[in-house]
């Protein structure tokens, strides 16, 4: 099959399959489950097919490009295309979904039809976000993920679900409305450009991502700053970056297990993906008509955002430490972990951003698995309070093994996947001279230690120690006096693939990381070149100090960029001309 | 333009008027079987009017100008509204009693004839508003739109609240009419003309002579805008909306939410068209800016505090007027894709109309404790008893919220994109924040339907037409979201031409496109 067709079918299978569930005969909800599993497995198979057809020698290109005109008068298109970053996130999504569906077989008893409908629709929306090459197509899918999760939390969540669903929706919706305005602004700015501006799509209404990268480069730094803030409004809430994280613990604790897994595993990554795909390439460089390329808003903002990320890492790690509810602890640990991811992104070098993308995938696997583990406990004991359980290693050895394994993956034990991302993001921040620097890495590194403390503290209380089985309100042990059941074959089938994934990506991440290099270099190129230029310029300033003291006074801001030293940037287009996806 | 040509343009209105007259006659028939035909006659006359408009559009080679677009929209949405309203006379106790033979036939108590006739009169008024090329015509057309609605509000429900709303609506409407009539008088005083094209000429002369238009003309336009703001329920003329929408029967509320609002926006576009091209006095820009910001903020904030879904939707309708006022600021746009405020408003009217009618129709299809469903409790747990209606409600509120991929999202791109194009970035930021606020109450509706406990409601209206209309409206809002390209380009073609003025200089031999291109 043609890879483009595969991509379309991959998105349509969960969407149409989910809607098809509504037409299964009434009153027979058990039939819904195998159907839902079949659809997600088929989607996974299709995404593997896509990965096999993908040309791994040019991972930076948006391959299998295809578009369908949506509203030609606005230049709106349904544009598809994937590079390696998108592909890995697509694989993460399609890999997690069957496991989530399988994991929810017994958890959802009522209204199962709706549950799997929303789950499948959510999968389609997430896949759409990752393959979009048109910014409004991305935005549509990005926004539409809210609706299924709103219902998953609101209908199937625990006691405070209504508030959680509402807060989740409103918080993220508000942020992304500002992103909407920002995107419109960039697209409008593009139309004001001369049609002779040297990139495809200049001067007309277009929402093609690559066109808008170029267009944004022609903005002034002040304009870019507003655009960056607008993009951050949507994406920082989604990630979430401190202090916009307050919706997340609530949503996580109230959501059903499947919702938490998808939320932590994939949906949070929409935020970091958005930052990487839009904010970083768009605002990396500003082409000043007089003095040529100057560092864009991103370069000015990066230390501040990284600072917020570090505050988030430490602050939420401390919060984790005092949690009593296991699920809440893992929810906060997500915020802390995503802080590393953001730190890596705003190091704006290949190592840091590569580490961030690796972190996105790895966090999806390990935290998703932790939420599944907690869900299995909750199904048995109907509580998640650490104080009420202990020593589960003796009664549930298989579960305990998995739990410890994923905890270690999550804290970044070398050899498991979490380590790769964490190490690379810190290394990226450390070596990001002129943007971040060793201090950023050092302080964030403390977060790693905190992370190990709270996760192992939790694991120690729950898995080891004197055996304590939670009792219900009547004082009876759950399971009605019977021995607590360890994991069933189905549950092992859910966790084992995740464990294998963690192990493989931990032991041999090289192909994975190598495939990310090229697309990341392309996306960060404008910003990296400007940072390098600023560094050399500052060195030159220092040099000038020695010889010409008076001239130095003119350069006191240390920011003036000497253009001719940048062969790659002197001639427009300043941004590397990436392949047009609509070939 | 002579009278014969003008009449040639208003054949659709003539068809509707004839249909209305026939409705009045048939509605008085002694036999119930014949009286039941009134609804069908109304539908038939709408179809005939639609057919005539379609023929005119084909002759002209496309939807050229605002007039045919509005007429087509009125026919299409009018048919949906008719389906929603078809059961209104039967819902009245007196009509039911007489038709079941419990009471003797009394022509004054059977409202079938009047109701459908007034329905058609009001739609005729909107179409005539779109035709207007003269202040007097515009005034009469606006009043023809509004007067029947006062009666429809008062007579369509067995409750005293409906009459209270009718009276309130009538007096405030009359006051608004006085305000814009005063404005018209000042415009006439400033220019000595009532014809739009001649007023524009006079304004151009003023600009040539003094570099600005006279304060009298500005005042006239400002007063006219404020008066017409009543029709669209914009601040400061919004205060009637919630009470009237709540008091009227839900089918009529749906009518109020679309029909007078459409006429109002057409009139506003025409009034701003009186200004010379590219020249808007700062006073008017500021007036519209403040009105837009206040209207959407007031609508959304007050919408948060309601416990009655009809009132929520009333405030949502106010807020949407605010969004469309943003487009009004971008009115003097090029014929570009995004950037033409007229086209954006035309598109948004349809987007808003479909979604809001869908929501009201779902509400009207439900009955709780013998009354029409109104409160959040009444629709609580709807998904358990009527999953399809709950789904329709969800689609409607999502479209009103502007969530992609519904048509409301395209409408927002169009409006806000046009406003950004004209440099109103601050207003767009206010608008998107308002959209975020509106999510609170739209989600309340959705969560009542999907998360609440069922209270036991029944589909109240006899027949399937009202739920079916809700379904059609909501599905159209979804499909047009995905396949909106055609509607967008139609709206663009329609909005690319100034109102009222093009037909003055156009002779039948000359295609309108040529005239406007020369402008």
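Protein chains in written order, with the numbering used here: chain A, 1 to 583; chain B, 1 to 519.
C-beta atoms are modelled at their ideal positions from N, C-alpha and C, and glycine is treated no differently.
Item to check | Beta-carbon gap between residue 74(B) and residue 123(B) smaller than 8 angstroms | outcome: In the second chain, residue 74(B) corresponds to position 74, counting from 1. In the second chain, residue 123(B) corresponds to position 123, counting from 1. Contact flag set, yes.
Item to check | Nearest-angstrom beta carbon gap, residue 82(A) and residue 46(A) [assumed within contact, 8 angstroms] | outcome: Taking the first chain and counting its residues from 1, one reaches residue 46(A) at position 46. Taking the first chain and counting its residues from 1, one reaches residue 82(A) at position 82. Going by Cβ atoms, the distance from residue 46(A) to residue 82(A) rounds to 13 angstroms, so no, they are not a contact pair.
Checklist entry - When you compare each of 133(B), 245(B), 359(B) and 434(B) to residue 149(B) by their alpha carbons, which one comes out closest? => result As a working mapping, residue 149(B) is identified with position 149 in the second chain. Among 133(B), 245(B), 359(B) and 434(B), the Cα nearest to that of residue 149(B) is on 245(B).
Checklist entry - Would residue 451(B) count as contacting chain A if we go by Cβ distances under 8 angstroms? => result Within the second chain, the letter at position 451 stands for residue 451(B). Yes, because at least one Cβ of chain A sits closer than 8 angstroms to the Cβ of residue 451(B).
Item to check | Inter-residue Cα distance where the pair is residue 558(A) and residue 534(A) | outcome: In the first chain, residue 558(A) corresponds to position 558, counting from 1. In the first chain, residue 534(A) corresponds to position 534, counting from 1. Residue placement at residue 558(A) is poorly supported in this model, since its pLDDT is 46, which falls under 50; the coordinates are not used for a value here.
Checklist entry - Using a Cβ-Cβ cut-off of 8 angstroms (strictly less than) and excluding sequence neighbours within five positions of residue 408(B), which residues of its own chain qualify? => result Walking along the second chain from the start, residue 408(B) turns up at place 408. 351, 352, 355, 398, 399, 400, 401, 402, 477 and 481, listed in sequence order.
Item to check | Unbroken stretches of the alpha helix (DSSP H), 4 residues or longer, contained in the region 349 to 425 of chain A | outcome: 350 to 381, 392 to 395 and 397 to 411
Item to check | Contact set between residue 170(A) and chain B, taken where Cβ atoms lie within less than 8 angstroms | outcome: For the purposes of this step, residue 170(A) is taken as residue 170 along the first chain, with counting starting at 1. Within 8 angstroms Cβ-Cβ: 436, 439, 440 and 443.
Checklist entry - So is residue 304(B) in contact with chain A if we call contact Cβ pairs under 8 angstroms? => result Position 304 of the second chain, counting from 1, holds the residue named residue 304(B). No, residue 304(B) does not count as interfacial toward chain A.
Checklist entry - If we count the other Cβ atoms within 10 Å of its Cβ and call it buried at 16 or more, is residue 215(B) buried or exposed? => result For this step, residue 215(B) is matched to residue 215 along the second chain. Looking at its Cβ environment, which holds fewer than 16 other Cβ atoms inside 10 Å, residue 215(B) is exposed.
Item to check | Contacting residues, own chain, Cβ-Cβ under 7 angstroms from residue 94(A) (five flanking each side not counted) | outcome: In the first chain, counting from the first residue as 1, residue 94(A) sits at position 94. So the qualifying residues of the chain are 43, 44 and 47.
Item to check | Residues that residue 147(A) contacts on chain B, provided the C-beta gap is smaller than 8 angstroms | outcome: Taking the first residue of the first chain as position 1, residue 147(A) is located at position 147. 398 and 403, listed in chain order.
Checklist entry - Which of helix, strand or coil does DSSP assign to residue 65(B)? => result As a working note, residue 65(B) is residue 65 in the second chain. Looking at residue 65(B) - three-state DSSP - the assignment turns out to be coil, as it is neither helix nor strand.
Item to check | Backbone CA spacing between residue 495(A) and residue 402(A) [nearest angstrom] | outcome: Locating residue 495(A) in the first chain gives position 495, where the first residue counts as 1. Locating residue 402(A) in the first chain gives position 402, where the first residue counts as 1. Their Cα atoms are separated by approximately 7 angstroms.
Checklist entry - Roughly how many angstroms lie between the CA atoms of residue 25(A) and residue 386(B), to the nearest whole one? => result The residue you call residue 25(A) lines up with position 25 of the first chain. The residue you call residue 386(B) lines up with position 386 of the second chain. If I take the Cα positions, the gap works out to 17 angstroms.
Checklist entry - Terminal residues of the continuous alpha helix (DSSP H) containing residue 391(B)? => result On the second chain, position 391 is the one that residue 391(B) refers to. 387 to 401 is the span of the alpha helix (DSSP H), which, as asked, contains residue 391(B).
Next on the checklist: Using only CA atoms, which one of 326(A), 236(A) and 91(A) lies nearest to residue 304(A)?
Outcome noted: Position 304 of the first chain, counted from the first residue, corresponds to residue 304(A). Closest by alpha carbon: 236(A).
Checklist entry - With 8 angstroms set as the bound, which would you pick, yes or no: does the beta-carbon of residue 489(B) sit closer than that to a beta-carbon of chain A? => result Along the second chain, read from residue 1 onward, the residue named residue 489(B) stands at position 489. True, the Cβ-Cβ gap to chain A drops below 8 angstroms.
Checklist entry - For residue 325(A), which three-state DSSP category applies? => result The sequence position of residue 325(A) within the first chain is 325, counting from 1. Residue state, collapsed to three classes: strand.
Checklist entry - Would you report the Cα separation of residue 132(B) and residue 197(B), rounded to the nearest angstrom? => result Taking the second chain and counting its residues from 1, the one referred to as residue 132(B) is at position 132. Taking the second chain and counting its residues from 1, the one referred to as residue 197(B) is at position 197. Taking the straight line from one Cα to the other gives about 11 angstroms.
Item to check | Which residues DSSP lists as bridging residue 132(A), in chain order | outcome: Residue mapping note: residue 132(A) aligns to position 132 of the first chain, counting from 1. DSSP lists 80(A) as partners of residue 132(A).
Checklist entry - Taking C-alpha atoms, which residue in 350(A), 393(A) and 454(A) lies nearest to residue 337(A)? => result The residue you call residue 337(A) lines up with position 337 of the first chain. Considering only alpha carbons, the answer is 454(A).
Checklist entry - So who's on the other strand from residue 418(B), going by DSSP bridges? => result Stepping through the second chain from its first residue, residue 418(B) is reached at position 418. BP columns for residue 418(B) are empty, so no partner.
Checklist entry - Within the 8 angstroms Cβ cut-off, does residue 522(B) reach chain A? => result Coverage of chain B is limited to positions 1 through 519, which leaves residue 522(B) absent and any answer about it impossible.
Next on the checklist: Pull the bridge partners of residue 310(B) from the DSSP assignment, please.
Outcome noted: Counting from 1 along the second chain, the entry for residue 310(B) is found at position 310. For residue 310(B), which the question treats as bridged, DSSP gives no partner whatsoever.
Checklist entry - Does the distance from the CB of residue 251(A) to the CB of residue 268(A) come in under 8 angstroms? => result Along the first chain, one-based indexing puts residue 251(A) at 251. Along the first chain, one-based indexing puts residue 268(A) at 268. No. Outside cutoff.
Item to check | Beta-carbon neighbours of residue 410(B), restricted to chain A and to distances below 7 angstroms | outcome: One-based indexing of the second chain puts residue 410(B) at position 410. Result: 71.
Checklist entry - So residue 286(B) is in the beta strand (DSSP E); what residue range does that whole segment cover? => result Within the second chain, residue 286(B) is the residue found at index 286, counting from 1. Not the beta strand (DSSP E): residue 286(B) falls in the alpha helix (DSSP H), residues 282 to 304.
Checklist entry - How about residue 277(A): is its C-beta nearer than 8 angstroms to some C-beta of chain B? => result Taking the first chain and counting its residues from 1, one reaches residue 277(A) at position 277. So, not an interface residue.
Checklist entry - Buried or exposed: which applies to residue 34(B), given that a residue is buried once 16 or more other Cβ atoms fall within 10 Å of its Cβ? => result Taking the second chain and counting its residues from 1, the one referred to as residue 34(B) is at position 34. Answer is exposed; the Cβ neighbour count stays below 16.
Checklist entry - Buried or exposed: where does residue 16(B) fall if 16 or more other Cβ atoms within 10 Å of its Cβ makes it buried? => result Here residue 16(B) corresponds to residue number 16 of the second chain, with the count starting at 1. Burial call: buried.
Next on the checklist: Whole angstroms are fine: how far does the CA of residue 106(B) sit from the CA of residue 99(B)?
Outcome noted: Walking along the second chain from the start, residue 99(B) turns up at place 99. Walking along the second chain from the start, residue 106(B) turns up at place 106. Answer to the nearest angstrom: the Cα atoms are 10 angstroms apart.
Checklist entry - In chain B, which residues lie less than 8 angstroms from residue 118(A) when you measure between Cβ atoms? => result What you label residue 118(A) is simply residue 118 of the first chain in a count that begins at 1. The contacting residues do not exist; residue 118(A) stays about 11 angstroms from chain B at best.
Item to check | Near-chain B residues of the region 176 to 204 of chain A (beta-carbon distance less than 7 angstroms), N- to C-terminal order | outcome: 177, 178, 180, 181, 184, 185 and 188
Item to check | Cβ-based neighbour list, residue 493(B), same chain, cut-off 7 angstroms, excluding 5 preceding and 5 following | outcome: Locating residue 493(B) in the second chain gives position 493, counting from the first residue. Here the set comprises 62, 63 and 64.
Checklist entry - If we ignore side chains and look at the alpha-carbon of each, how far apart do residue 218(B) and residue 193(B) end up? => result Indexing the second chain from 1 puts residue 218(B) at position 218. Indexing the second chain from 1 puts residue 193(B) at position 193. When rounded, the distance between both Cα atoms is 15 angstroms.
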